[in-house]
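Right, one structure below, let's go through it.
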Amino acid sequence: MDDGPFLPGFQALPVALFCLASFYCQNFSAKLDVPVAVSNPKLATYFGRYCYLTATTNLFGCFYYTAYLVTFFWRDDDNLLLYVLARLFPLMFALGVFVTVAYYVLDHFVAERVTERKRYVKNGYPHLGIARHLEHMFGAAAVCAHAWTFGDYIGDQLVEQCIAGAFTTIVIFFAYYVSLTHLNYQLVNQWPYPVIDLVQRKGGMIGVVAFEMILMGVVMGLAKGGLLLLELGRQ
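Counting in my numbering, the sequence shown runs from 272 upward without gaps.
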């Protein structure tokens, strides 16, 4: 199909706009949430809300899909920007799915969290309920739509870079996030998630490291799912 005056693959633009809007919504809806400096000031002393994987993922999504949108209107001669986006695709997909699924499976319906939200709503944060949904609900849908259209948009050569980048980018990201989490723990003696406290009580620091390796394996599995969806979208 002829793309007219635009760059090839312009038909994928509506999906790119949806992805961009989704992650901007998830990122900036945190303004309606209880600030982490209020809900957990000790944890937030040094790194603020970026101790949490959700905040980190949503910010990453904003940068990723802003760069993706740029490629519809401008590309350098070597397609370097698309190359970087292709390498990062498995990580973006895995984090987007994980943030949505993990929130609704492990957090939203837990009785303690429901009680906590009700308490904050009564104490000056009336939009907290909708904020928590907006911070998490679009990620999985956005990255799945992106995966379905991305392969045709970037072509065979860059699809190979998606596959090549799956392991490396996830390992690098986890090295960063785990290092940040452990550094913050050394500084404030607190983990960002109660489940890590539970693991530490049961298995010590070795248990924590094992838990983090399992989590990385889960994210790698999600990334493989993203690559499968990418291939299905091209058929």
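Idealized CB from N, CA, C, for every residue including glycine.
As a quick exercise: from the options, pick the residue whose alpha carbon is nearest that of residue i.
| i | options | result |
| --- | --- | --- |
| Ser450 | Thr316, Cys322 and Ser293 | Cys322 |
| Pro285 | Gly475, Val466, Phe343 and Val307 | Phe343 |
| Ala338 | Arg390, Leu288, Arg505 and Val459 | Leu288 |
| Val466 | Asp349, Asn350, Ala315 and Val381 | Val381 |
| Leu330 | Asp349, Tyr317, Phe294 and Lys302 | Phe294 |
| Cys290 | Met408, Ile443, Phe445 and Gly436 | Met408 |
| Pro463 | Gly436, Phe299 and Leu324 | Leu324 |
Whole angstroms is fine: what's the gap from residue i's alpha carbon to residue j's?
| i | j | result |
| --- | --- | --- |
| Asp427 | Tyr336 | 21 Å |
| Gly400 | Gly492 | 30 Å |
| Tyr396 | Ala494 | 36 Å |
| Gln457 | Arg384 | 26 Å |
| Phe369 | Ala292 | 18 Å |
| Gly410 | Gly332 | 9 Å |
| Phe277 | Thr328 | With a pLDDT of only 44 at Phe277, under the threshold of 50, the placement of this residue in the model should not be trusted, and no figure is reported. |
| Lys313 | Val490 | 28 Å |
| Phe482 | Gln461 | 16 Å |
| Phe438 | His379 | 30 Å |
| Gly475 | Ile485 | 16 Å |
| Tyr317 | Asp347 | 38 Å |
| Cys296 | Val307 | 18 Å |
| Lys393 | His404 | 18 Å |
Rounded to the nearest angstrom, how far is the Cβ of residue i from that of residue j, given a contact under 8 Å?
| i | j | result |
| --- | --- | --- |
| Val341 | Leu359 | Between Leu359 and Val341 the Cβ distance is about 14 Å, and since that is not below 8 Å, they are no contact. |
| Met487 | Val414 | Not a contact, Cβ separation roughly 18 Å. |
| Thr440 | Pro361 | 6 Å |
| Gly422 | Gly367 | Not a contact, Cβ separation roughly 17 Å. |
| Gln471 | Val459 | Not a contact, Cβ separation roughly 14 Å. |
Enumerate in chain order the residues of its own chain whose CB-to-CB distance from residue i is below 6 Å, with the five nearest sequence positions on each side excluded.
| i | result |
| --- | --- |
| Ala357 | Ile425, Leu429, Gln432 and Cys433 |
| Ala418 | Phe364, Gly497, Leu500 and Leu501 |
| Ala402 | Ser300, Leu303 and Asp304 |
Please determine whether the Cβ atom of residue i lies at a distance below 8 Å from any heavy atom of the ligand MG.
| i | result |
| --- | --- |
| Leu501 | Inclusion of the ligand MG in the displayed structure is not the case, the ligand content being empty and no account of it being possible. |
By Cβ distance below 7 Å, which residues in the same chain neighbour residue i in space, the five residues on each side in sequence not counted?
| i | result |
| --- | --- |
| Thr386 | none |
| Val372 | Ala411 |
Subject >> Continuous alpha helix (DSSP H) assignments of at least 4 residues falling wholly in the stretch 325-394 >> reply: 351-377 and 382-393
Original post:
Which whole runs of the alpha helix (DSSP H) in the stretch 419-460 are 4 residues long or more, in chain order?
Top reply: none
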